[in-house]
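Last residue of the sequence shown: number 198 in UniProt numbering, and the count goes up by one each step with no gaps.
Heads up, the beta-carbon is just placed ideally off N, CA and C, and yes, glycines get one too.
Working notes, structure below.
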Amino acid sequence: SFSLCVCPANTSLSVHVGTEAVLSCPPVTLTAVQVTTWEITLRDQPACTRAYRRDTNETRAKNCSDETISWDTRHDQNPVLQIDPVAITHDGYYRCEVATPEGNFYQGYHLQVTVPPEATLFRGKNGTVVCRAAAGRPAAQISWTPAGDCDTEEEPLGNDTVTVQSTCRWEDHPVSTVSCSVSHLTGNQSLSIELIQG
């Protein structure tokens, strides 16, 4: 007899911090499932493995201490992994393996946790205007209308977020209003400020 391996289907998934993530196993007839295993590989941590054996209704876990990650293993349910609420530390790779008499089936998720930046626009020193996208993950992109003479800096923070700050001046061509656009995976924001010409 031979065993069928349906090789991993991998999905990249972006999830906002503070929300709920639900990860599903491959679609297999539930009555055929013998063992379901979730393997969770988070950055800088040993892999966590959770296994459920259907015939004995037994669940085992190894290196799994995160209380916000739960798994419903009822017989009548497709085994889904729930993360609620999602934190930056949940960034990683999640794989479900389902063992059946016909073979093993896999579903993997590359989970990227995103954090929306806090956007602000204000007057700086010497006639400059500053647009700041604070504590975003990944780093935000900043653009200006109209384009000016700009200096943009990124400051990585200790919690895996990044603050991006763009400082601009419009000395060569007087403008009355400027806008900065903050582009990010979590959504885009546009802020405007009036410049008083003296």
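DSSP puts H110 in a beta bridge; with which residues? DSSP lists S12 and Y93 as partners of H110.
How about the segment 87–104 and the segment 33–41: do they share at least three Cβ pairs that are nearer than 8 Å? Segments in contact, yes.
What does the Cβ neighbour count give for H184, buried or exposed, with the cut at 16 atoms within 10 Å? Residue environment: H184 is assigned as buried (16 or more neighbouring CB atoms within 10 Å of its CB, all protein chains considered).
Please name the residue, chosen from L111, T163 and P85, that lies closest to T19 on a Cα-to-Cα basis. Of all alpha-carbon atoms in L111, T163 and P85, the one lying nearest the alpha-carbon of T19 is that of P85.
Less than 7 Å separating the beta-carbons of V162 and E153? No, they are not a contact pair.
Closest by C-alpha distance to G158, when choosing among D172, W170, S179 and G136: Comparing Cα-Cα distances from G158 to each of D172, W170, S179 and G136, the minimum goes to G136.
Counting Cβ pairs, one atom from each stretch, are 3 or more of them under 8 Å apart for the segment 138–150 and the segment 47–63? Below 8 Å, too few C-beta pairs join the segment 138–150 and the segment 47–63 to call them touching: fewer than three.
Alpha carbon to alpha carbon, how far is P79 from V22? When rounded, the distance between both Cα atoms is 10 Å.
Relative to the alpha-carbon of C48, which residue among C168, H90, P116 and V175 has its alpha-carbon at the smallest distance? For C48, the closest C-alpha among the options C168, H90, P116 and V175 is that of H90.
Nearest-angstrom Cα separation, counted from G127 out to S12: Their backbone Cα atoms lie some 44 Å apart in a straight line.
Are the beta-carbon atoms of V182 and A139 separated by less than 7 Å? Result no, Cβ atoms of V182 and A139 do not sit closer than 7 Å.
By DSSP, does A32 sit in helix, in strand, or in coil? Of the three classes helix, strand and coil, the one that applies to A32 here is helix, per DSSP.
Please classify T114 as buried or exposed, where buried requires at least 16 neighbouring CB atoms within 10 angstroms. Buried, because 16 or more other Cβ atoms sit within 10 Å of the Cβ of T114.
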